[in-house]
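Below: one structure, written as structure tokens.
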Amino acid sequence: MAVGKELLLKIADIAAISIDETEAEDYAKELDSVIGYIEQKLSEIPDDDLEPMEHVLSAQSFFRADEVTNFDRKAELLGSASVTKNGCHFVPSVVDPS
Amino acid sequence: MSILNMTIKEISELLKNRKIGTVELVRHYLDSIRRQNPSLNSFVTTCEEDALEASEKAQKLIDSNDNTSLLCGIPFGIKDNICVRGIRTTAGSKMLSDFVPAYSSTVVNRLVEANAVILGKLNMNEFSMKESKEGNIFGFVRNPWNKEYAEGGLSEGTAAAVSGDMACFALGSDSGGELRQAASFCGVVGLKPTYGLVSRYGLISSASSMDQIGPVTRSVEDCAAVMSVIAGQDPLDSTSVGRSENYLKDIDKGIKGLRVGVPKEFFGSEVNTEIKESISRALENLGQEGAIYKEISIPSIKYILPAHYIISSAEASSNLARYDGIRFGHRSPDARNISEVYRFSRKEGFGREVKQRILTGTYFLSSENRERLYYKALKIRRMIFNDFRKAFENLDVLVAPVCPEVACKLTDVSGDKDHLLKMHISDVYTAGLNLTGLPGLTVPCGLDKNKLPIGIQIVGREFSEKLLLQVGYAIEKTVGKLSPGEGDKYGI
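Written as structure tokens, this is what we have:
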């Protein structure tokens, strides 16, 4: 399946990246060539019953004690944000007011 | 020999015998950075005041205590995707160009506790993704061996800082081989530890099931010394494993009876003849030391590239979703509503290649393609893992090139799309270890006709770092330490 501009714009929407039409063509072309190579390689391998391997660690995850600790660096953390107000992160209205 | 290209062990001895003070040592390195960095472009941030303060503290410790750590007073650099509290950490991206972390990574905390001295932060490709068109926001790093050359198109400041006499060692990260490749191109030692052996807390994620922090050093012993400090379980990283050791102990044990496998798939026609010859000589030397080597086959090696590309893109698209322009990172000044905050900030903050990888990863993870492409890649990952495991049933280590070519000219890198593809293809020698979690050590094993370094990669079972370092030590002993030698000009 060839990746066209329309599909690319849909993907960009899911990835929350604004992309204009000219860029979309460029990205679509590159994605198409990558997928072409990958699909060809993958088709060489029979679909056997191997267990998908998401993580290499077979051992159990390591848990730490569930203790309340205080990270007392609010000003430092807020300092990383571009816009703050009254000691809080500030964002435009999430709900459309109209 | 200059203080600027001595190993940690050599400098530590000078410090303990009061031949040099820690403050004087750090001043030499800061001077070297001022002189060399404008052309090498390795450091993106230096912390002079903090470094001098830390070195004074280290000197007091040395003056009052004979049992200080080997790293006490030793100056080092940190790749710019490893967080240090209060010091700008960019991951090479405009997205994080003014991000100052409120906490330090565990590796940095451990080194600071051992009283090593932070010199600054080191250049990198944006989120460790290879880039041919624009480079990253700080531009390309030059190779200290020949400033006309890149590190094979990478912008890893770690290896250039160590090789270029600007840091005694560096902390890098490896998601597809960038740490090992840069080390090989610059003639220094680099280790990608087993996944989980070194805490990733405070490392800016790219492909989190494959990312691993590791040391870049001037000698194998130095690598062992740094590993002995940074390895081990961390309550702040649930994937970390409590398997640390004293890696320096018995490093000179020798390699008598070592069983070495040479996978023929790693030595095809695409590998430069001089690299093959150099590795053959290293193998012969190992043979003389008592190792037994034989050719083997790992057929699934040819699927490393597609599997790694799919999984790393998918994980990057997921990990980079956190950059929403709100809590940290770039926020677009043009956004009028919450959706535009996300969409415009990400458009403006990420570079071309990173956006391409996010889009590619989103495609792989979409409901129509997940089973067909992403899960298939995870199955291939299992197949590669099983094949490596099988190879190790009768072998102790494998050897491989780090890259099929030595470093290329900078003029060959920029703007060339085909070059980017070539760079990704060259990942086949390194990315298999990121897929399987296995450790890999690269050690210099010679120079090509243009006097550019060639590296050999030694691969082991999970948590076999100690053995890898013993093998690396044996190779280093026959080859000797390679140095572009520029530091001698400024010797003390």
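Protein sequence lines, in the order shown, are assigned to chains A and B. The opening residue of the first sequence carries number 0 in numbering that gives the first Met the number 0; numbering runs sequentially from there. The opening residue of the second sequence carries number 0 in numbering that gives the first Met the number 0; numbering runs sequentially from there. Note that the Cβ used here is the ideal one computed from N, Cα and C, for glycine as well.
Proximal chain A residues relative to residue i, where beta-carbon distance stays under 7 Å
i: residue 298 (chain B); result: Those within 7 Å of residue 298 (chain B) in chain A number zero; the least Cβ separation is about 11 Å.
i: residue 232 (chain B); result: 61
i: residue 179 (chain B); result: Under the 7 Å cutoff, chain A gives no residues; its nearest Cβ is about 17 Å from residue 179 (chain B).
i: residue 195 (chain B); result: 56
Residue i classed as buried or exposed, judged by whether at least 16 other C-beta atoms fall within 10 angstroms
i: residue 72 (chain A); result: exposed
i: residue 287 (chain B); result: exposed
i: residue 459 (chain B); result: buried
i: residue 150 (chain B); result: buried
i: residue 443 (chain B); result: buried
i: residue 94 (chain A); result: exposed
i: residue 19 (chain A); result: exposed
i: residue 233 (chain B); result: buried
i: residue 289 (chain B); result: exposed
i: residue 82 (chain A); result: exposed
i: residue 85 (chain B); result: exposed
i: residue 241 (chain B); result: exposed
i: residue 429 (chain B); result: buried
i: residue 472 (chain B); result: buried
i: residue 461 (chain B); result: buried
i: residue 181 (chain B); result: buried
i: residue 330 (chain B); result: buried
i: residue 389 (chain B); result: exposed
i: residue 403 (chain B); result: buried
i: residue 314 (chain B); result: buried
i: residue 121 (chain A); result: Look at the range of chain A in this structure, 0 to 97, and you will see that residue 121 (chain A) is not part of it.
i: residue 70 (chain A); result: exposed
i: residue 62 (chain A); result: exposed
i: residue 272 (chain B); result: exposed
i: residue 21 (chain A); result: exposed
i: residue 252 (chain B); result: exposed
Chain-order list of residues whose beta-carbon lies under 8 Å from that of residue i (same chain, five-residue window excluded)
i: residue 17 (chain A); result: 11
i: residue 450 (chain B); result: 144, 145
i: residue 56 (chain B); result: 114
i: residue 77 (chain B); result: 83, 107, 117, 119, 120, 121, 169, 170
Identity of the residues DSSP links to residue i by a beta bridge
i: residue 54 (chain A); result: For residue 54 (chain A), which the question treats as bridged, DSSP gives no partner whatsoever.
i: residue 211 (chain B); result: B:173
i: residue 399 (chain B); result: B:456
i: residue 294 (chain B); result: B:261
i: residue 122 (chain B); result: According to DSSP, which records beta bridges pairwise, residue 122 (chain B) is partnered with nothing at all.
i: residue 74 (chain B); result: B:116
i: residue 88 (chain A); result: A:83
i: residue 168 (chain B); result: B:75, B:216
i: residue 69 (chain B); result: Per DSSP, none; premise fails for residue 69 (chain B).
i: residue 442 (chain B); result: B:455
i: residue 148 (chain B); result: B:408
i: residue 81 (chain B); result: B:202
Closer than 7 Å: residue i CB and nearest the ligand ATP heavy atom
i: residue 250 (chain B); result: Questions concerning the ligand ATP fall outside what the structure shown contains, since it holds no ligand whatsoever.
Chain-ordered chain B contacts of residue i [CB-CB under 7 Å]
i: residue 8 (chain A); result: Chain B residues near residue 8 (chain A): none, gap ~10 Å exceeds 7 Å.
i: residue 40 (chain A); result: 302, 305
i: residue 29 (chain A); result: 355
i: residue 67 (chain A); result: Per Cβ cutoff of 7 Å: no residues; residue 67 (chain A) is ~14 Å from chain B at best.
i: residue 75 (chain A); result: 101
i: residue 1 (chain A); result: Those do not exist, as residue 1 (chain A) stays about 12 Å from chain B at its closest Cβ, beyond 7 Å.
Where residue i meets chain B, residues with beta-carbon distance less than 8 Å
i: residue 78 (chain A); result: 99, 101
i: residue 93 (chain A); result: 337
Same chain only: Cβ atoms within 6 Å of residue i, ignoring 5 sequence neighbours per side
i: residue 489 (chain B); result: At residue 489 (chain B) the pLDDT is 30, less than 50, meaning the model places this residue with poor confidence; the figure from the coordinates comes in the next sentence. Closer than 6 Å at Cβ, skipping near neighbours: no residue.
i: residue 11 (chain B); result: 69
i: residue 341 (chain B); result: 323
i: residue 291 (chain B); result: 258
i: residue 137 (chain B); result: 43, 122
i: residue 39 (chain A); result: none
i: residue 23 (chain A); result: 4, 7, 8
Residues that residue i contacts on chain B, provided the C-beta gap is smaller than 9 Å
i: residue 51 (chain A); result: 373, 374, 375, 376, 377, 378, 380, 381
Beta-carbon contacts of residue i that lie in its chain and below 7 Å, excluding the five residues immediately before and after
i: residue 398 (chain B); result: 259, 261, 278, 282, 455, 456, 457
i: residue 294 (chain B); result: 261, 263
i: residue 103 (chain B); result: 82, 83, 84, 201
i: residue 19 (chain B); result: 2, 13
Partners in chain A for residue i, counting only beta-carbon separations shorter than 8 Å
i: residue 384 (chain B); result: 52, 55
i: residue 346 (chain B); result: 16, 17, 18
i: residue 340 (chain B); result: 90, 91
i: residue 387 (chain B); result: None at all; the shortest Cβ gap to chain A is about 11 Å.
Cβ of residue i within 8 Å of any chain C Cβ
i: residue 44 (chain B); result: Here the protein chains are A and B, and chain C is not one of them.
(message) Pairs of beta-carbons, one from the region 199-210 of chain B and one from the region 154-169 of chain B, closer than 8 Å: are there three or more?
(response) no
(message) Check whether the region 435-447 of chain B and the region 175-194 of chain B touch, using three or more Cβ-Cβ pairs below 8 Å as the test.
(response) yes
(request) Evaluate the contact criterion for the region 82-90 of chain A versus the region 258-270 of chain B: three or more CB pairs, one atom per stretch, below 8 Å. (result) no
(request) Tell me, please, whether the region 160-168 of chain B touches the region 303-317 of chain B by the rule of three or more beta-carbon pairs shorter than 8 Å. (result) no
(message) Tell me whether the region 352-365 of chain B and the region 295-303 of chain B touch, counting them as touching only if at least three CB pairs, one residue from each stretch, are closer than 8 Å.
(response) no
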